[in-house]
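Q: Below you will find the structure I want to go over with you.
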Amino acid sequence: MILVLVKTNDSSKSNSMLGKQIREIINENGGTEVLLTECDNVSSYNGNNYLPLLWKFYKSYRKALFRLIKLLEIQPATQDQSLINALKFLITNKDKRIELLPFALDLDFVNAQWQNTVTAKEGENTFLVRRHLEICIFYHLALGLKTGDLCINTSENFADYRNQLLSWEECEPLVSDFCQEMNFKDNPVEFVSNLKSLLKEKALEVDKNYHNNGSISINEKGEVVLNRTKAKGISKSAVDLQNDIYECLPERDVIEILCNVEHWLNWTRHFGPLSGSDPKLENAVERYVTLVFGYGCNLGPTETSRHMKSSVTPHMLSFVNRRHVTVNKLDEAIKDIINLYNKCYIPKLWGNNKVAAVDGTMRELYKENLVSEYHIRYGGNGGISYNHISDTYIALFSHFVPCGVWEAVYIIDGLMNNKSDIQPDTIHGDTQAQSTPVFALTYLLGIKLMPRIRNWKDLKFYRVDKNHKYKNIDSLFSDVIDWKLIETHWKDMLQVVLSIKAGKIVSSTLLRKLNNYSHKNKLYQSFRELGRVIRTIFLLEYISNIEMRTQITSTTNKVESYNGFSKFFAFGGEGVITENDPDEQEKRIKYNNLVSNAVILQNVADITYILKQLLANGVKFTKSDVAALSPYITKHIKRFGDYVIDLGNIPESIDMGISIP
678 MILVLVKTND SSKSNSMLGK QIREIINENG GTEVLLTECD NVSSYNGNNY
728 LPLLWKFYKS YRKALFRLIK LLEIQPATQD QSLINALKFL ITNKDKRIEL
778 LPFALDLDFV NAQWQNTVTA KEGENTFLVR RHLEICIFYH LALGLKTGDL
828 CINTSENFAD YRNQLLSWEE CEPLVSDFCQ EMNFKDNPVE FVSNLKSLLK
878 EKALEVDKNY HNNGSISINE KGEVVLNRTK AKGISKSAVD LQNDIYECLP
928 ERDVIEILCN VEHWLNWTRH FGPLSGSDPK LENAVERYVT LVFGYGCNLG
978 PTETSRHMKS SVTPHMLSFV NRRHVTVNKL DEAIKDIINL YNKCYIPKLW
1028 GNNKVAAVDG TMRELYKENL VSEYHIRYGG NGGISYNHIS DTYIALFSHF
1078 VPCGVWEAVY IIDGLMNNKS DIQPDTIHGD TQAQSTPVFA LTYLLGIKLM
1128 PRIRNWKDLK FYRVDKNHKY KNIDSLFSDV IDWKLIETHW KDMLQVVLSI
1178 KAGKIVSSTL LRKLNNYSHK NKLYQSFREL GRVIRTIFLL EYISNIEMRT
1228 QITSTTNKVE SYNGFSKFFA FGGEGVITEN DPDEQEKRIK YNNLVSNAVI
1278 LQNVADITYI LKQLLANGVK FTKSDVAALS PYITKHIKRF GDYVIDLGNI
1328 PESIDMGISI P
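1146 is the number that our numbering gives to position 469 of the sequence shown; each next residue is one higher, with no gaps.
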């Protein structure tokens, strides 16, 4: 901040002379523009408003942004034209250098903080501050494209999503069967009535059982306190069994495991030229196994070639990856492993296949990358590997997404794209895995969303209506559901769900539009209101059912363990994905997914064989001892050294069954 000090005790100096001295001092320190900027900075810090500080970050991109909006045909996706009119005003005045513009805009599309920033008063007149207005409009353009309130019809990602939905005429014949399948009422009035009953009954049940429920209490401030239970330790017999298994596990390397699984499943049959013809490769199966090992362990073609004793060149591996393998083909190979795993007996002691968990873990990328972003939580640059893991430990599906997105939008995609025999209907996750639109959409698709919510006390509980009071838990509730909104937009919500089931639109695309910034979007508002109902029912169950909380914690711990397990095999390249192509980045995650699942299957096969040997030798253990085991065992896996493929070494047939007393 420039501090101007001028001696004013000499009354002989005229005002003009003082003004000249002040101007000279200001010019020596950068001029009036610098002074005004620094005044804005001080004002912003004091007023807790960072918006006036954005100019210095924006100005170097100004020219490019104006060129961009000139090329793009941005259209409103709603009846609200105020932002488009503001854009036209901005283009008209882009070459002006004056600081203040006449107030000739409808600013309903901005919040109060932005309105205070972009307007200024001189006397009795209000003007628009040109610089701040430019930033404001570009900010809301980006926001509008993200939420779907604006669209670019020549773009795939930013086209009007409403055009991707089935028409109501196409949906209407499907409604009756869909509602019968999901056990919904097939008209809006009865649908809402049923929701009211569900919410009312759950609230009354929790209120009635409050004094008999040892897992919840409400203190004098009206705050809910969840009483923790002591974690169950692992029994000595389970620990002894685990140690016996560790001692008996044979040492294996990753390529050996991939070859064994190939003998059991012939998973490489899914790979081949994109034309569908037979591969014109010498030793095609060997080449595919080498490829999956090299890319799944993040070695890349060059490092893999070095460790294969020159049996394959980097160009050969790169060529096969680009011409013979796609994301869909990798998914098919992974599906084979999941289906065989599902036939094994031991995983059935770990879960029931109807429950899965989701979680994301960061994978490092180069900084100069279209997907790479700095992730505050993980403290690095990269993207997110978002994994769907069965409660039986096997990985069902994985996405690779940017750090900046809300991970919850990909929950449904993974379940819809999972074509294996394991089809969960209950999904757990951490706090990232929830929002009201996600609760609503999963409910309408027949999926039970049950996340572990860290800051659940910050979420609102909603009443059926303002007249409903509760004896013990009334302090939990702070608002009322707008049932009319749900009833009015019942058809709109069904249209969306039926379009997703028909494959016309991807759920993640829709959920990216239905986020917290879409407050003017009626579709968002209706999904949000339905989600409030479902989330309140879930929260009431969550705080009153300690067994459910234990299940959620246990299952989400499995997916967190899988993240570490899969990274164990991504040991090449210091864990950094070196691809800049988003499709190749997705493939790297799938390759790693395939390797990890192959090791899980091999571990289960080895554990089954060892358990049979232990029983034959008179060692006693129970099903609960086996249930305490995990297939995420890596201590016997050899990752480094020279790698040799021996497809002539035929493994024993995988033994799926075992009789445990």
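Ideal Cβ positions, reconstructed from N, Cα and C, are used throughout, including at glycine.
Quantities reported herein were computed from a predicted structural model and do not represent experimental measurements.
1. For a test of the three-state rule: what should DSSP assign to residue 930, helix, strand or coil?
2. Hey, quick one: how far does the alpha helix (DSSP H) through residue 821 stretch, first residue to last?
3. So, under 8 Å CB-CB, residue 1084 and residue 1063 are touching, yes? Tell me the CB distance rounded to an integer number of Å.
4. Between residue 973 and the rest of its own chain, which residues show a CB-CB distance below 7 Å, the 5 nearest in sequence each way excluded?
5. Based on DSSP bridge pairs, tell me the residues matched to residue 1036.
6. Within a Cβ cutoff of 7 Å, which residues of the same chain sit near residue 942, ignoring the five residues on either side of it in sequence?
7. Go ahead and label residue 1284 buried or exposed: buried means 16 or more other beta carbons lie within 10 angstroms of its beta carbon, across all protein chains shown.
8. My guess is that residue 807 and residue 773 are in contact by the Cβ rule of under 8 Å, so how many angstroms apart are they, rounded?
9. What are the uninterrupted segments assigned as alpha helix (DSSP H) that are 4 or more residues long and contained completely in the region 1096-1164, given in chain order?
10. Which of the three DSSP states is assigned to residue 797 in this structure?
11. What's the gap between the Cα of residue 1009 and the Cα of residue 902?
12. Which residues in the same chain as residue 1140 place their Cβ atom closer than 6 Å to its Cβ, once the five residues preceding and following it in sequence are excluded?
13. Can you check DSSP and say which residues form a bridge with residue 1074?
14. I think residue 1168 touches residue 845, with their Cβ atoms under 8 Å apart; what is that distance to the nearest whole Å?
15. Residue ranges of each alpha helix (DSSP H) run of no fewer than 4 residues wholly in the region 862-940, ordered along the chain?
16. In this structure, does DSSP put residue 958 in helix, strand or coil?
17. Could you tell me the alpha carbon to alpha carbon distance between residue 1114 and residue 909, rounded to whole angstroms?
18. Under the assumption that residue 883 contacts residue 1217 (Cβ atoms under 8 Å), give the Cβ distance between them as a whole number of angstroms.
19. Below 6 Å CB to CB, which residues in the same chain sit around residue 784 once its five sequence neighbours on both sides are set aside?
20. Taking contact to mean 3 or more Cβ pairs, one atom from each stretch, closer than 8 Å, check whether the region 751-761 and the region 822-832 are in contact.
21. Please classify residue 989 as buried or exposed, where buried requires at least 16 other C-beta atoms within 10 Å of its C-beta.
22. For the candidate residues 1296, 860, 1065, 1103, whose alpha-carbon lies nearest to that of residue 1238?
23. Use the C-beta contact count for residue 1099: other C-beta atoms within 10 angstroms, 16 or more gives buried, fewer gives exposed.
24. In the DSSP output, which residue or residues are listed as bridge partners for residue 996?
25. What are the start and end residues of the alpha helix (DSSP H) that includes residue 1187?
26. In angstroms, rounded to a whole number, what distance separates the CA positions of residue 856 and residue 1128?
27. How long is the line joining the alpha carbons of residue 1025 and residue 1274, rounded to whole angstroms?
28. Counting beta carbon pairs with one atom in the region 992-1007 and one in the region 1292-1311, are three or more of them shorter than 8 Å?
29. Excluding the 5 residues flanking residue 1333 on each side, which residues of the same chain have their C-beta closer than 7 Å to its C-beta?
30. If we ignore side chains and look at the alpha-carbon of each, how far apart do residue 1150 and residue 896 end up?
31. Specify whether the region 1121-1138 and the region 1213-1228 touch according to this definition: at least 3 beta carbon pairs, one from each stretch, less than 8 Å apart.
32. Have a look at the DSSP bridge pairing and note the partners of residue 630.
33. Can you name the residues that DSSP bridges to residue 1248?
A: Quick answer:
1. Three-state DSSP puts residue 930 in a strand.
2. 807-824
3. 6 Å
4. Cβ neighbours of residue 973 beyond the five flanking positions: 1246, 1268, 1269, 1271, 1272.
5. 1064
6. 1013, 1014, 1017
7. With 16 or more other Cβ atoms within 10 Å, it is buried.
8. Your pair residue 807 and residue 773 checks out as a contact, with CB atoms roughly 7 Å apart and the cut at 8 Å.
9. 1113-1121
10. strand
11. 47 Å
12. 1154, 1157
13. 1065
14. 6 Å
15. 865-885, 913-925
16. Correct three-state label for residue 958: coil.
17. 35 Å
18. 5 Å
19. 792
20. yes
21. buried
22. 1065
23. buried
24. Per DSSP, none; premise fails for residue 996.
25. 1184-1190
26. Approximately 25 Å between the Cα atoms of the pair.
27. 16 Å
28. no
29. 1020, 1021, 1022
30. 11 Å
31. yes
32. This structure gives no information on residue 630, because the portion of the chain shown stretches from 678 to 1338.
33. DSSP lists no partner for residue 1248.
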